[in-house]
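Residue numbers (the numbering used here): 33 to 289.
Glycine included, C-beta positions come from ideal geometry on N, C-alpha and C.
Note that the structure is predicted; figures quoted are calculated from it, not measured.
This is the structure we're talking about:
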């Protein structure tokens with residue numbers, strides 16, 4: 033009997049999975065926004081260590097963010113999710129509710145930078161940060177045994193953590209698109225649209241050439257033989273713009289994203 037090649041073993045390692053439960057996926061996804069909430073509440077309460085105007089104090093702020101946001105996100109996407117990830121999420125959640133929100137009159141408020149102008153959209157920033165961080169960790173970890181197989185992409189049915197990646201990126205891009213932000217109804221600026229779409233297509237072709245040239249494993253049931261995530265983003269953007277141009281009944285105007 034011929035032993036499977038290394039490529040075939042790697043392909044088998046990331047295929048044939050049925051996923052997990054929606055509750056467990058939500059548990060993993062909660063780790064990042066809870067960590068962000070705790071970071072935002074804890075940072076203003078520690079002025080002696082985290083005065084943003086002092087030299088090198090930004091490094092301490094980065095360290096705090098890594099401990100509260102990055103570390104829990106990594107732990108929850110490994111086999112340490114139960115029980116250590118559960119414990120971290122519970123402790124962070126309880127602490128976030130116990131800590132008071134800094135008031136404008138607090139003496140420590142002067143040590144932190146002023147809030148951005150669009151404070152009402154801070155939730156959107158947290159949402160996009162959660163997507164980027166979770167997706168990055170999952171892509172890097174999926175080839176290792178410490179990443180639970182139930183979190184990998186599913187084949188025909190089920191709920192997989194990595195199934196959320198492409199759809200979440202598309203939804204996120206839609207919420208910050210030019211049309212969503214301004215409701216522009218002018219004639220599309222074709223060159224601007226091309227400049228935003230072309231890099232995705234270029235990266236898609238580079239990835240395709242790299243996979244073929246390096247004989248990298250191909251998850252055929254995921255995107256097929258030649259397709260990939262970057263092609264999907266580029267085509268969805270082009271389709272959305274074409275839709276707005278051709279269906280004025282729904283959307284009056286065709287401004288490019």
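If you compare alpha carbons, which of the options is closest to residue i?
i	options	result
residue 163	193, 264 and 185	193
residue 175	59, 249, 72 and 261	249
residue 117	171, 91, 57 and 76	57
residue 156	205, 238 and 275	205
residue 208	153, 274 and 165	153
residue 273	35, 196 and 224	224
residue 132	115, 76, 180 and 190	76
residue 255	213, 212 and 186	186
residue 180	92, 114 and 55	114
residue 160	125, 203, 173 and 184	203
Excluding the 5 residues flanking residue i on each side, which residues of the same chain have their C-beta closer than 8 Å to its C-beta?
i	result
residue 229	266, 269 and 270
residue 16	The requested residue 16 is not part of the displayed model; the chain covers only 33 to 289.
residue 190	49, 50, 51 and 52
residue 169	105, 106 and 109
residue 195	51, 185 and 186
residue 36	44
Quick test of your reading: residue i and residue j, contact by CB under 8 Å. State the CB separation rounded to the nearest angstrom.
i	j	result
residue 251	residue 46	6 Å
residue 247	residue 39	6 Å
Within this structure, are the beta carbons of residue i and residue j separated by less than 9 Å?
i	j	result
residue 119	residue 59	no
residue 210	residue 52	no
residue 275	residue 233	no
residue 166	residue 201	no
residue 188	residue 112	no
residue 199	residue 171	no
Residues in the same chain with beta-carbon distance under 6 Å from residue i, minus the five sequence neighbours each way, listed in chain order, please.
i	result
residue 236	260, 262 and 263
residue 97	71
Between which residues of its own chain and residue i is the CB-CB distance below 7 Å, once the five residues before and five after are set aside?
i	result
residue 239	260 and 262
residue 62	121
residue 73	128, 131 and 133
residue 91	none
residue 54	191
Evaluate contact between the stretch 37–55 and the stretch 105–118, counting only Cβ atoms and requiring at least three cross-stretch pairs below 8 Å.
no
At a cut of 8 Å, does the stretch 50–69 reach the stretch 96–103 through at least three beta carbon pairs?
yes
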